[in-house]
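All the letters of the sequence shown, read from the start, carry residue numbers 3 to 416 under my numbering.
Don't be surprised by glycine CBs; every beta carbon is placed ideally from N, CA and C.
This one's a predicted model, so the numbers in the text were calculated from it and none came from an experiment.
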Amino acid sequence: MSTKFFALLTNIGAARLANATAMGSQLDITHMAVGDGGGTLPTPDPAQTRLVNEKRRAAINTLSVDANNANQIIAEQVIPENEGGFWIREIGLFDAEGNLIAVANCAETYKPQLQEGSGRIQTVRMILIVSSTETVSPKIDPAVVLTTRGYVDSAVIEVKAYADNVMEAHLAAADPHTQYAPKASPALTAVQTTNNTQIATTAFVKAALSALVASSPAALDTLSELAAALGNDPNFATTMTNALAAKAPLASPVLTGTPTAPTAAATVNNTQIATTAHVKATIAAGKLATARKINGVAFDGTADINLTPGSLGLVEIVETGSGTGYYWRKFADGKIEIFARASLTLGAPLDIVFPKVFTGLPLIFIQENGGADVNGWVIRVRNLSKTGFSVAWNTWSPSGSGSAIDVCYHAFGS
């Protein structure tokens, strides 16, 4: 009876396997695909580069050498129960570059899906016979694919045997943990001159005490003398701790109660602590020798002193006015001050009317403020009254040029 189901290397697979053998490298087979053969059982052909009708391709579970036959390579893939809905009639192995390395047909079987009312985990296995299995790279990728129970059982047996051997050797060793000291009479090692949490030997303690006694003065080189110096206080450490707790630190002390310090003279000005007595003496030294009043109020801190413009020699402005070429202001004491300017023509008198009427004759100040370039001129003020005055500009020198000047006047009075 002729063989109905078989597997073979494709032409590409045979060439790549031969090349790997010649180059001393390995062929990396990474994926397995299954197909339905287009509805009929296909016959594997070495010239194939793909399956007749591929239905699923995924990473292989394991690729290993048969323990009972060194020339047989076993490739396995597990299809989980949530995949299916197709017939399996053909199988293909692919390398990392996607080349079809081997192809096989198999007894047709249907892989159902859970949605169809039935589901199972399907294991697909292909066995290849090659001249040398050393050219094929074994592969297991548990992070990507599932595994068969047979593989797991085999691995468990192997791990258990290894663990048993390791534990047996460990228990049989005289000192399996050389980094640890035995419980009975351990010989510990350490630097005995250190000052930390290491265990101290009796020799270390005795040497330390001897060194302490040797460095002590003659009057304190015995425990009796030392106890007497400490006042025979059995709780000396607690006593000293409590005493130090009552002391203030040198840096930023927070004092309580009524602290005292030497009182400096009132004239001292440095970083010495100032007592309340020093502060009072300094304040007393700054007082006026004779009591004085400001604006009729005693300057002794007993009452507020209200200052007015008049008390400071100032006069308050109560009214102002301005216009073209003039400005005036009136003070609280009744005085009026006017600032104004005017243009004069040579030889033509000008009557000026004050913008604010005085109650008496004011003082008048007049100043030339630019205009004609004439030598020998005079400004005359006439007819001064409470409402205004007359001003004229005359010259007695024919030299120069121009016939008009500007003047500014300042009137002040009541």
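As the crow flies, the alpha-carbon of GLU321 is around 9 angstroms from that of ILE338. Judged by their CB atoms, GLY37 and GLU110 are not nearer to each other than the 7 angstroms cut-off. Inside the segment 320-377, DSSP marks whole beta strand (DSSP E) runs of 3 or more residues at positions 328-333, 338-347, 352-355, 365-376, from first to last along the chain.
Where ILE81 is concerned, the enclosing beta strand (DSSP E) starts and stops at 74-81. The C-alpha of VAL67 is placed about 30 angstroms away from the C-alpha of GLU170. For the 7 angstroms CB-CB criterion, ALA413 and ILE368 do not form a contact.
Counting along the chain, the unbroken alpha helix (DSSP H) around THR243 starts and ends at 238-247. A residue is called buried once 16 or more other Cβ atoms fall within 10 Å of its Cβ, and ARG18 is buried on that count. Ranked by Cα distance from ALA22, the options ASN244, ASP97, ALA49, VAL168 are led by ASP97.
ASN237 counts as exposed, since fewer than 16 other C-beta atoms from the protein chains shown sit within 10 angstroms of its C-beta. Between TRP330 and LYS295, the gap from beta carbon to beta carbon reaches 7 angstroms or more. Taking each of TYR112, PRO188, SER416, GLY325 in turn and checking the Cα distance to GLU83, the smallest one comes out for TYR112. In this chain, the alpha helix (DSSP H) harbouring ALA287 covers 278-287. In the structure shown, SER254 adopts coil according to DSSP, grouped into three states.
CA-to-CA, the gap between ASN271 and PRO261 works out to about 21 angstroms. The Cβ neighbour count for ALA305, taken over all protein chains shown within 10 Å, is under 16; the residue is labelled exposed.
Straight across, the Cα-Cα distance linking ALA230 with ALA186 is about 42 angstroms. Under the DSSP assignment, GLY87 falls outside any alpha helix (DSSP H); it carries neither an H nor an E label.
Within the same chain, and ignoring the five residues on either side of GLY362 in sequence, the residues whose Cβ sits closer than 8 angstroms to its Cβ are LYS388, GLY415, SER416. Annotation: ASP408 to ALA342 spans about 11 angstroms, alpha carbon to alpha carbon. Rounded to whole angstroms, the gap between the alpha carbons of ASN55 and MET34 is 14 angstroms. Under the three-state reduction of DSSP output, PHE7 falls in the coil class, being neither helix nor strand.
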